[in-house]
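Engineer: Residue numbers (the numbering used here): 102 to 607.
Note that the Cβ used here is the ideal one computed from N, Cα and C, for glycine as well.
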Amino acid sequence: MLPLPTELPQWYTVEPTEEKGWTPKTSDILEKPENQDIIQAWKGTFEPNPSHTYTIRLDNLQVISPIQVGGGRFPEGGILPAQISGVPYIPGSSVRGAFLHWLQVKWQDLSTAEQEFWSTLLTANRQSWQPRTIRFESIRLKNLKPFPLNPQQPWQVFNQKSNKLGIQWQVSPHHPLRPSPDRFCLQVLLHDNPTPEQKSWLENRLTEMLQEQGLGRGTASGFGRLAKSVPSGQWELQLTGMKPGVQPHSPKDKQIGKYRWSPQVLRANLRGYFTRLALYLLNRDRAEKLTSIIFGGLGCPAQLRLTSYLKQVVKPRPGDIPSNSYTNIPAQDAHQTWRISVNCNSPFQDLVGGLLDLASRLGGMGPGWRRPPHQLERFNGFRGSEFTVTPANSEQLLNELIDSLKDVIRNLAQRYGLRLLPNPVSVPGSIISIWRGKSDQWRDIVHGVCSTTAKNRPDWCGNTQNRPSGYAVRHYESYCLITVFDSRVEATLRRQGFQSIWSGIS
102 MLPLPTELPQ WYTVEPTEEK GWTPKTSDIL EKPENQDIIQ AWKGTFEPNP SHTYTIRLDN
162 LQVISPIQVG GGRFPEGGIL PAQISGVPYI PGSSVRGAFL HWLQVKWQDL STAEQEFWST
222 LLTANRQSWQ PRTIRFESIR LKNLKPFPLN PQQPWQVFNQ KSNKLGIQWQ VSPHHPLRPS
282 PDRFCLQVLL HDNPTPEQKS WLENRLTEML QEQGLGRGTA SGFGRLAKSV PSGQWELQLT
342 GMKPGVQPHS PKDKQIGKYR WSPQVLRANL RGYFTRLALY LLNRDRAEKL TSIIFGGLGC
402 PAQLRLTSYL KQVVKPRPGD IPSNSYTNIP AQDAHQTWRI SVNCNSPFQD LVGGLLDLAS
462 RLGGMGPGWR RPPHQLERFN GFRGSEFTVT PANSEQLLNE LIDSLKDVIR NLAQRYGLRL
522 LPNPVSVPGS IISIWRGKSD QWRDIVHGVC STTAKNRPDW CGNTQNRPSG YAVRHYESYC
582 LITVFDSRVE ATLRRQGFQS IWSGIS
């Protein structure tokens, strides 16, 4: 077993007033020629040489979903990245704990011979590793950046703004159209020399853990995955239109065009539809509680492990791109197709498959999901998105799909001991009804009744400051669907000649 490091890093000194401990000095990280290694380490351009002594080494790992490894907090609540000697790392202890949890979850699936091998490294109750039997090296993090975390459900479902805005430092996954991704390696050292078969077990289980469970915070929400390449999923989404972005979009914003896929985008979308359907079967408190049990909440670990990755970006054909970019998004980005790979744990495959199918039929994904992709002539802007799911039960009627999802949610409520309502009800926040019209008839609502210049514009049209709109639009070649979240929308749809095809209280 290799000993722990005995030398101090060069940018640390011992404070004479302290009995032990290393404290960094500001002068050690200033832009001085003699401190280039230190400066490069902080900038993420310096890669320390890994140890030459190891049992297995996983090479060419890349981040395939955002990694969040917390090491402390600001007083305001922002989470700091984990650091070693002031440089961001995934500590070996984090890998050690995550791998232990993976073995505990998978234990019953292991062969007797493999269980016996792991038992030589674990304590009798399998709750910890035996001392000095296995060592995990830390993983250097690059391109660590802070991103905002803003809870969307109170706003998107219940029209209530939340003041809970957090900051999480993340390493983002590689974008398919950008240069080659950063590559990482993970080394593990055993005290005793293993057999070839035991080395294979160690390598295979560690590879599984990194890809299927992940490291750090938010692993149930799809974060923290590393692998040699993006895996194929149980479903593939093809997303067109507006893309999830980091910065706000405006003509003056020099950061325009910085788009990235985050598992939060899909999770928030499905979480919203789940709650809207649960409100038919449970009162609001119990509907929100069930949502938190399945999708996760404050102090409530998620039962659903939902992961998603941006696998491929398909560029639009030259003839499909307008000659001039839109004012709020480059045209080549708006007309790209993102292929997104999606996986979830087996107990929830029917639920996730049904929610994906429903969400794709009724709206889009990410910013402007309530509108189909279209140009805004008033200021040459672009808005909206849509997506398709493969495989999807496209032959199932919409009312049958909703009924089957309600059955799944009803069974989940009973499993977790939540009392159902004696009779289904339609309440604010639920899907009130779904209406059908001619292909472009939705424009009479979006650009007519709800035009920003319209007289007596109803408040259910929504705006970015006070509330989201009370309806969503999905455009098809021969018809359109309008999903109603505010019952006051229905009178206008009826006058405009739309036909109700589904009602929550029918």
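Look up Leu327 in the DSSP assignment and give the residues it is bridged to.
Structural biologist: Val164, per the DSSP bridge assignment.
Engineer: What residues in its chain sit with their C-beta under 7 Å from that of Tyr360, if we drop five residues either side in the sequence?
Structural biologist: Excluding residues within five positions, the ones whose Cβ falls inside 7 Å are Lys344, Pro345, Gly346, Asp434.
Engineer: Hey, out of Ser604, Ser239, Thr565, Leu594, whose CA is closest to Gln261's CA?
Structural biologist: With distances taken between Cα atoms, Gln261 lies closest to Thr565.
Engineer: Assign Pro189 to one of two classes, buried (16 or more other C-beta atoms within 10 Å of its C-beta) or exposed (fewer than that).
Structural biologist: Answer is buried; the Cβ neighbour count reaches 16.
Engineer: Identify every residue that forms a DSSP beta bridge with Phe483.
Structural biologist: Phe483 is bridged to Gln476.
Engineer: Can you find at least 3 beta carbon pairs, one from the region 397-412 and one from the region 272-282, that sit closer than 8 Å?
Structural biologist: Judged by Cβ distances under 8 Å, the region 397-412 makes contact with the region 272-282, as three or more pairs qualify.
Engineer: Which residue comes first and which comes last in the alpha helix (DSSP H) that contains Asn305?
Structural biologist: Where Asn305 is concerned, the enclosing alpha helix (DSSP H) stretches over 297-309.
Engineer: What are the start and end residues of the alpha helix (DSSP H) that includes Leu56?
Structural biologist: Nothing in the structure corresponds to residue 56, since the chain is present only between 102 and 607.
Engineer: Could you tell me the distance, in whole angstroms, from the CA atom of Arg227 to the CA atom of Pro192?
Structural biologist: Looking at the two C-alpha atoms, the distance is approximately 21 Å.
Engineer: Going by beta-carbon coordinates alone, are His576 and His475 separated by less than 9 Å?
Structural biologist: Closer than 9 Å, so yes.
Engineer: Among the residues of its own chain, which have a CB less than 6 Å from the CB of Gln600, if the five just before and after it don't count?
Structural biologist: Correct list, in chain order: Arg537.
Engineer: Note the first and the last residue of the continuous beta strand (DSSP E) segment covering Thr438.
Structural biologist: 438-445 is the span of the beta strand (DSSP E), which, as asked, contains Thr438.
Engineer: Going along the chain, which residues of its own chain have a beta-carbon closer than 6 Å to the beta-carbon of Asn446, five neighbours each way excluded?
Structural biologist: Cβ within range, chain order: Arg406.
Engineer: Go through the region 369-417 residue by residue and report every complete run of the alpha helix (DSSP H) that reaches 4 residues or more, in order.
Structural biologist: For the region 369-417, whole alpha helix (DSSP H) runs of length 4 or above, ordered along the chain, are 385-396.
Engineer: Indicate whether the contact test is met: 3 or more Cβ pairs, each with one atom in the region 502-514 and one in the region 544-555, closer than 8 Å.
Structural biologist: Not touching, per the Cβ criterion.
Engineer: To the nearest angstrom, how far is it from the Cα of Tyr113 to the Cα of Ala369?
Structural biologist: For Tyr113, the pLDDT reaches just 45, beneath the cut-off of 50, and the residue's location in the model is therefore unreliable, leaving the point undetermined.
Engineer: Which class does Thr428 belong to by DSSP, given the choice of helix, strand or coil?
Structural biologist: Coil, per DSSP.
Engineer: With distances taken from CA atoms, which of Pro431, Phe586, Asn512, Asp541 is nearest Val528?
Structural biologist: Of the candidates Pro431, Phe586, Asn512, Asp541, the one whose C-alpha sits nearest the C-alpha of Val528 is Phe586.
Engineer: Taking only three categories from DSSP, how would you classify Arg568?
Structural biologist: Correct three-state label for Arg568: strand.
Engineer: Between Ala328 and Gln314, is the Cβ-Cβ spacing less than 9 Å?
Structural biologist: No; because the gap between Cβ atoms is not below 9 Å, this pair is not in contact.
Engineer: Check whether the Cβ atoms of Thr428 and Gly482 sit closer than 9 Å, and answer yes or no.
Structural biologist: The answer is yes: Cβ separation under 9 Å.
Engineer: What number of angstroms, rounded off, separates the C-alpha of Ile357 from the C-alpha of Ile430?
Structural biologist: Model confidence at Ile357 stands at a pLDDT of 46, short of 50, so the residue's coordinates are unreliable; what they give is reported in the following sentence. For Ile357 and Ile430, the distance between alpha carbons rounds to 7 Å.
Engineer: What residues match up with Tyr190 in a beta bridge as DSSP calls it?
Structural biologist: According to DSSP, which records beta bridges pairwise, Tyr190 is partnered with Arg241.
Engineer: Would you mind working out which of Asp560, His202, Arg568 sits nearest Arg589, comparing C-alpha positions?
Structural biologist: It is Asp560.
Engineer: Could you say if the region 334-341 and the region 482-502 meet the contact criterion of at least three C-beta pairs nearer than 8 Å?
Structural biologist: Yes: the two stretches touch, three or more of their Cβ pairs being nearer than 8 Å.
Engineer: How big is the Cα-Cα spacing for Gly465 and Leu477?
Structural biologist: When rounded, the distance between both Cα atoms is 17 Å.
Engineer: Alpha carbon to alpha carbon, how far is Leu162 from Trp123? Give it in angstroms, no decimals.
Structural biologist: With a pLDDT of 44 at Trp123, under the threshold of 50, the modelled position of that residue is not reliable, and the figure given next carries that caveat. Spanning the two alpha carbons is a distance of roughly 32 Å.
Engineer: Drop a sphere of 10 angstroms on the beta-carbon of Cys581, count the other beta-carbons inside from all chains shown, and report buried for 16 or more, exposed for fewer.
Structural biologist: With 16 or more other Cβ atoms within 10 Å, it is buried.
Engineer: Residues in the same chain with beta-carbon distance under 6 Å from Leu68, minus the five sequence neighbours each way, listed in chain order, please.
Structural biologist: Nothing can be reported for residue 68, as the shown portion of the chain is limited to 102 through 607.
Engineer: Check the C-beta distance from Trp573 over to Arg471 and give it rounded, since I have them as a contact under 8 Å.
Structural biologist: In the sequence as presented, Trp is not what sits at residue 573; that position holds Ala. Indeed, because the Cβ distance is near 4 Å, the residues count as touching under 8 Å.
Engineer: His292: which of Gln404, Pro280, Trp230 sits nearest, CA to CA?
Structural biologist: Ranking the options by Cα distance to His292, first place goes to Trp230.
Engineer: Ordered along the chain, which non-local residues of its own chain (more than five positions away) have a Cβ less than 6 Å from that of Arg160?
Structural biologist: Correcting the residue identity first, residue 160 is Asp in this sequence and not Arg. The answer, listed in chain order, is Cys286.
Engineer: What is the residue span of the beta strand (DSSP E) that Phe449 lies within?
Structural biologist: Per DSSP, Phe449 belongs to no beta strand (DSSP E) and is neither H nor E.
Engineer: With burial defined as no fewer than 16 other Cβ atoms inside 10 Å of the residue's Cβ, what is the status of Tyr517: buried or exposed?
Structural biologist: The residue is exposed, with fewer than 16 neighbouring Cβ atoms inside 10 Å.
Engineer: Shortest alpha-carbon distance to Ser495 belongs to which of Gly455, Ser166, Asn512, Arg233?
Structural biologist: Taking only the C-alpha atoms, the option nearest Ser495 is Gly455.
Engineer: Give the list of continuous beta strand (DSSP E) stretches no shorter than 3 residues that lie fully inside the region 509-541.
Structural biologist: Runs of the beta strand (DSSP E) inside the region 509-541: 534-538.
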